[in-house]
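Residues 0 to 150 (numbering that gives the first Met the number 0) are what the sequence shown spells out, left to right. Inspection log for the structure reproduced underneath, given as structure tokens.
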Amino acid sequence: MRKNVLLWVSLFAFAGCASVTIPNYIRDEHPYRKTFYAPYDTVLDATVHALEDFGWKVAKTTEPSVFERNKDTDKPGVRQILLFTDVRQMAFIFGTRYARMNIYVQSGTDGSTEVELRYLTVTSASLKNFQNYRNDRYAGKFFGRIESLLK
């Protein structure tokens, strides 16, 4: 009987909850960038469609200068936008994983458009949260989907 009580007390002590905070803005930790030689509006539409094709929803858009300063924004004719996605939640045996993306779309002066993908996952285990800013495989698929939509 004592062993069972000790087991239950240990289980509750180690199975606590860790609070998870997923920020809207993802810092420039490990961004993926790709330049497309297409008009800004066309690339922006393809980017939003690619997000929808992969099951993501754009939650909010904003001017990137609210969060960071870029020297290229001072050039005339440069357009830019920062897209925030909703948070995705995936359940695991020992915790939950939350994912969010920021997509930074900026026009170039030579008729090109650069798309920057910032990806954040937070895995919540019983007592600790783990953050990861990388997802190479998804970034490749995402940029490939944008390319196919631009053709």
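Idealized CB from N, CA, C, for every residue including glycine.
Taking 8 Å as the cut-off, the beta carbon of V104 is found no closer than this to the beta carbon of K33.
If only complete runs of 4 or more residues are kept, the region 72-127 shows no alpha helix (DSSP H) anywhere. Here V42 has F35, V104, T112, V114, I145 and L149 as same chain residues with Cβ atoms under 8 Å from its own Cβ, once five neighbours each way along the sequence are excluded.
Straight-line measurement puts the Cα of N23 at about 14 Å from the Cα of W55. Per DSSP, reduced to three states, the secondary structure at F142 is helical. When Cβ pairs closer than 8 Å are counted between the two stretches, the region 76-85 is seen not to touch the region 124-135, the count staying below three. In the structure shown, T46 adopts helical secondary structure according to DSSP, grouped into three states. At the C-beta level, Y39 and S106 come within 8 Å of one another.
Look at R26 here: in three-state DSSP terms it is coil, with no helix or strand label. The beta carbon of A49 sits closer than 8 Å to those of F141, R144, I145 and L148, all from its chain and outside the five residues before and after it, given in chain order. Using a Cβ distance threshold of 8 Å, V86 and I25 do not count as a contacting pair.
Per DSSP, the continuous beta strand (DSSP E) segment holding V57 begins and ends at V57 to T61. I102 is classed as buried because its beta carbon has at least 16 other beta carbons within 10 Å across all chains shown.
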